[in-house]
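Note sheet for the following structure.
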Amino acid sequence: MRARWVVVGITCALLFAVRSGSAYSPIGRQWTPGTGIVMQLQQGTPGAALVDGSPDWDLVTADALTTWNTVLGGVSFAATRDTAAPPAIPNDVNDVIWGDDVYGDPFGDGVVAITVSLYRVDDNITTEADVIFNRKYRWDSYRGNMRRASDGSALVDLRRVALHEFGHVLGLNHPDDSGQTVRAIMNSHTGDIDRLQQDDVDGVTSIYGPAKAADTMQSRGPRFIPHRPL
Amino acid sequence: MPIPDKMRLFIPAIVPLGLVFSAASVRATTYAPVTFSELVDRAEVIFVGDVVDVRPYTMRVRDNTIIKTRVTFSVSDPIFGTTSLVEVFDFLGGETGGVGMAVAGMPTFAIGDRRVVFARRDRSINPIVGFTQGLLQVRRDDNGVDRVLTEKGAPLVGPESIGAFRRGGYAALSSSMRLADFRGRVAQALAEAHKK
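If you read the sequences in order, they're chains A and B. Per my numbering, the first sequence starts with residue 2, numbered consecutively. Per my numbering, the second sequence starts with residue 19, numbered consecutively.
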């Protein structure tokens, strides 16, 4: 009987080790606790109706911010819209934009979107983060498995890519890049996962703490704050 | 068939472990990876080299101030597209003057790193083909054999596994492909692509 309990104990230890080894991947940088991370949405209106009926791109990305807010504690996202403001870095504004390049340099091979963050080296506090979506791809907004455009090219879902990039803004890295096999929106390649997974939530919880019911914006919908002059 | 008493001892362990390992093998996501032949085909330069200098610098572009890192490789084995003793590439991101600029997923380098590099010459935020897939670590095992791993340190069983779904968890270094064998496969792929 005693030997059986030893086996159970070893099993539990193994389970813990496996679970510990298969988890989110924090970058090691974060926003100051209590920060309201204001993202300036600048993607404007699509040329044609989006699959999910969203009237414009900024409402798609605002919805992604709201989704993150439902699981965030300690910090929260807010959104402002100004399609005319010139994006720049550094400018103390967290720009969310379409781009043909990344501040003058072409996107690398196969890059769909990118998050460029500025941080203080001495304490690893993030001070600015811009998200740039590569305009050369075919974009839409839809749920479910990845789709293809009529010409056979990939039809990239802005919402899931925005969820992924905003995870980088918060301080999450790619778990699959560090040898993990987990279901996560934060994995390095866009796929059929279209919403936050438990691993993603565990990741931000490890950085900022658990969400409190009163802090979440689930019932409030997208929150736009008045435009902040540059 | 009756289960021996000694085996019964392990029943409490087998069931939960089986559940965990079946869950861990669920495919995480789907994507269009860069295949080995695409890697060879898209690369303008392929070499094995050691990182001898890593130098961050700031640069003004339009109204922006960006930080880049210039990485210098000492080329020990020029495989394709180079006869130089050194190759120099710039990557977006780095730390200088107390400020850091980071791009998630961007490869990082330290002096002494040994790498197989598949790169493009045209200017971009990251010259590596496939962002990180065209950058492979080279490590020497206990028997003095150089072996090839992915940029993040996962053993590369064969070139076909470049960009393929990563099962997670890192196997032993000895399971990685030998550098000499990998180099042979690159030469073969170059010949097939008529690049040499």
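The C-beta atom is built at its ideal place from N, Cα and C for all residues, glycine as well.
The alpha-carbon separation between LEU154(B) and ALA80(A) amounts to approximately 40 Å.
Between the C-alpha atoms of SER192(B) and PHE149(B) there is a straight-line separation of about 26 Å. Contact between ALA114(A) and ASN135(A) holds: CB atoms are separated by about 6 Å, below the 8 Å threshold. Here DSSP, grouped into helix, strand and coil, assigns PHE127(B) to coil. Interface with chain B (7 Å Cβ-Cβ cutoff): PRO211(A) is excluded. The DSSP-derived three-state label of ARG88(B) is strand. Contact note: THR116(A) reaches chain B through VAL121 and ALA122, using a C-beta cutoff of 8 Å and chain order. Taking C-beta atoms as the reference points, ALA120(B) and SER118(A) count as a pair closer than 7 Å. Beta-carbon to beta-carbon, GLY75(A) and TYR209(A) are separated by about 4 Å, close enough to satisfy the 8 Å threshold.
When beta bridges are read from the DSSP output, PRO74(B) appears opposite THR87(B).
Of all alpha-carbon atoms in PRO176(A), GLY111(A) and VAL132(A), the one lying nearest the alpha-carbon of ARG160(A) is that of VAL132(A).
Rounded to whole angstroms, the gap between the alpha carbons of THR206(A) and GLY35(A) is 14 Å. As the crow flies, the alpha-carbon of ARG196(A) is around 23 Å from that of TRP32(A). DSSP lists TYR120(A) as the bridge partner or partners of THR127(A). Our two residues, LYS170(B) and ASP158(A), have alpha carbons roughly 27 Å apart in a direct line.
Remark: C-beta atoms of VAL147(B) and ALA205(B) do not approach each other more closely than 7 Å. Here the C-alpha atom of SER102(B) lies approximately 51 Å from the C-alpha atom of ASP64(A).
Judged by DSSP in its simplified three-state form, TRP32(A) adopts coil rather than helix or strand.
Fully contained in the region 141 to 179 of chain B are the following beta strand (DSSP E) runs of length 3 or more, in chain order: 153 to 158 and 164 to 167. Cα atoms of VAL94(A) and GLY202(B): separation of roughly 50 Å, rounded to the nearest angstrom. When DSSP states are grouped into helix, strand and coil, ASP201(A) belongs to the helix group.
Think of a sphere of 9 Å around the beta carbon of GLU210(B): no beta carbon from chain A falls inside it, the nearest being about 21 Å out. GLY152(B) and VAL135(B) have their alpha carbons spaced roughly 6 Å apart. Taking C-alpha positions only, ARG30(A) is separated from THR116(A) by approximately 14 Å. Flagged as an interface residue toward chain A: PHE149(B), by a C-beta distance shorter than 7 Å. Annotation: LEU42(A) to ILE98(A) spans about 7 Å, alpha carbon to alpha carbon. The C-alpha of THR87(B) lies about 5 Å from the C-alpha of ARG73(B).
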